[in-house]
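Report on the structure given below.
Residue numbers (the working numbering): 310 to 507.
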């Protein structure tokens, strides 16, 4: 696939999904999507305290990924309506493994594709558009782009709600960790990794 051309899904029930690089001008819109996604889709795995703590300290948009051109937005195109952004996610060639702009544990140094794994980052789907294959659509775009940049492996830090998606896509889980959110307590994440397919 041409690296410069974002992909599209086949029409389904009159809806067409289009993936493209996210724009800095829509950062606020994406942040709202993140909050809606986390609060609605994480209820079964995390407590309200964990969810709100993670939104304050961890979950969010990493501006660096948008600037690098490695963060994507998925638009839903419905006949006769203005396209709406319904999901987002991306990958990174930098050392930071997870966390939005507010996350303190950031490392902007660039990775070496010959020895390092590209980082899959910050996947969020609007609750009204969940379970339509949008996460997989973004994963495919991330893997294709990382491969084009010379990476042979992917790694990520999964949330408990997201772990199933990544397992289905071929990621292998490591030992779960308890991330310290300071006064907001602990939250469970799962490190995962995958070889990029030839």
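Beta carbons are placed, not taken as given, at the ideal position from N, Cα and C, and that holds for glycine.
Tell me whether the beta-carbon of residue 465 lies closer than 8 Å to the beta-carbon of residue 475.
To locate residue 465, count along the chain shown from 1; it is residue 156. To locate residue 475, count along the chain shown from 1; it is residue 166. Going by C-beta atoms, residue 465 is nearer than 8 Å to residue 475.
Residues bridged to residue 399 (per DSSP):
The residue you call residue 399 lines up with position 90 of the chain shown. DSSP lists 380 and 430 as partners of residue 399.
Spatially closest choice to residue 485 from 467, 492 and 337, by CA coordinates
Taking the chain shown and counting its residues from 1, one reaches residue 485 at position 176. Comparing C-alpha distances from residue 485 to each of 467, 492 and 337 shows the shortest one belongs to 467.
From residue 339 to residue 370, what does the alpha carbon distance come to, in whole angstroms?
The residue labelled residue 339 in the question sits at position 30 within the chain shown. The residue labelled residue 370 in the question sits at position 61 within the chain shown. So the two alpha carbons sit approximately 7 Å from each other.
What is the rounded straight-line gap between the Cα of residue 412 and the Cα of residue 389?
Your numbering for residue 412 matches position 103 in the chain shown. Your numbering for residue 389 matches position 80 in the chain shown. Each residue's Cα considered, the two are about 40 Å apart.
Does the Cβ-Cβ distance between residue 427 and residue 480 come in under 8 Å?
Working through the chain shown from its first residue, we reach residue 427 at position 118. Working through the chain shown from its first residue, we reach residue 480 at position 171. In this structure, residue 480 does not lie closer than 8 Å to residue 427 by Cβ.
Flag this pair as yes or no: are the beta carbons of residue 433 and residue 397 separated by less than 8 Å?
By one-based count along the chain shown, residue 433 stands at place 124. By one-based count along the chain shown, residue 397 stands at place 88. Yes, these two residues count as a Cβ contact at 8 Å.
Skipping 5 residues on each side, what residues in its chain have a beta carbon closer than 7 Å to that of residue 495?
Within the chain shown, numbered from 1, the residue matching residue 495 stands at position 186. The residues 487, 488 and 489, in chain order, have a CB closer than 7 Å to that of residue 495 in the same chain once the five nearest residues on each side in sequence are set aside.
Cα-Cα separation, residue 473 to residue 334:
As a working note, residue 473 is residue 164 in the chain shown. As a working note, residue 334 is residue 25 in the chain shown. Each residue's alpha carbon lies about 32 Å from the other.
Does DSSP put residue 505 in a helix, in a strand, or in coil?
Sequence index remark: in the chain shown, residue 505 carries index 196 (1-based). Correct three-state label for residue 505: coil.
With distances taken between CB atoms, is the gap from residue 455 to residue 448 smaller than 8 Å?
Position 146 of the chain shown, counted from the start, is the residue given in the question as residue 455. Position 139 of the chain shown, counted from the start, is the residue given in the question as residue 448. Cβ atoms of residue 455 and residue 448: not closer than 8 Å.
Around the C-beta of residue 391, are 16 or more other C-beta atoms found within 10 angstroms, so that it is buried, or is it exposed?
Counting from one through the chain shown, the residue named residue 391 turns up at place 82. Residue 391 comes out exposed.
Does residue 417 pass the burial test, meaning 16 or more other C-beta atoms within 10 Å, or should it be called exposed?
Translated into positions along the chain shown, residue 417 becomes position 108. Exposed, since its Cβ has fewer than 16 Cβ neighbours within 10 Å.
Give every residue of the same chain whose Cβ lies closer than 7 Å to the Cβ of residue 458, excluding the five residues on either side of it in the sequence, and list them in chain order.
Sequence index remark: in the chain shown, residue 458 carries index 149 (1-based). Excluding positions up to five away in sequence, the list reads 402 and 422.
Could you tell me whether the Cβ atoms of residue 381 and residue 331 are closer together than 8 Å?
For this step, residue 381 is matched to residue 72 along the chain shown. For this step, residue 331 is matched to residue 22 along the chain shown. Taking 8 Å as the Cβ cut-off, residue 381 and residue 331 qualify as a contacting pair.
CB of residue 324 within 8 Å of CB of residue 385, strictly:
Counted from its first residue, the chain shown places residue 324 at position 15. Counted from its first residue, the chain shown places residue 385 at position 76. One thing to note: residue 324 has its Cβ within 8 Å of the Cβ of residue 385.
From residue 439 to residue 336, what distance separates their C-alpha atoms?
As a first step, residue 439 must be located in the chain shown, where it is residue number 130. As a first step, residue 336 must be located in the chain shown, where it is residue number 27. Cα to Cα, the separation comes out at about 21 Å.
How close, in whole Å, do the beta carbons of residue 383 and residue 443 come, if the pair is a contact with beta carbons under 8 Å?
Within the chain shown, residue 383 is the residue found at index 74, counting from 1. Within the chain shown, residue 443 is the residue found at index 134, counting from 1. 5 Å between Cβ atoms; contact.
Suppose you measure from the CA of residue 353 to the CA of residue 441; what does that come to, to the nearest Å?
Counting from 1 along the chain shown, the entry for residue 353 is found at position 44. Counting from 1 along the chain shown, the entry for residue 441 is found at position 132. So the two alpha carbons sit approximately 19 Å from each other.
Cα-Cα separation between residue 310 and residue 326, rounded to whole angstroms
Taking the chain shown and counting its residues from 1, one reaches residue 310 at position 1. Taking the chain shown and counting its residues from 1, one reaches residue 326 at position 17. The predicted model places residue 310 with a pLDDT of 39, which falls under 50 and marks its position as unreliable; any figure quoted below should be read in that light. Distance between the alpha carbons of residue 310 and residue 326 is about 17 Å.
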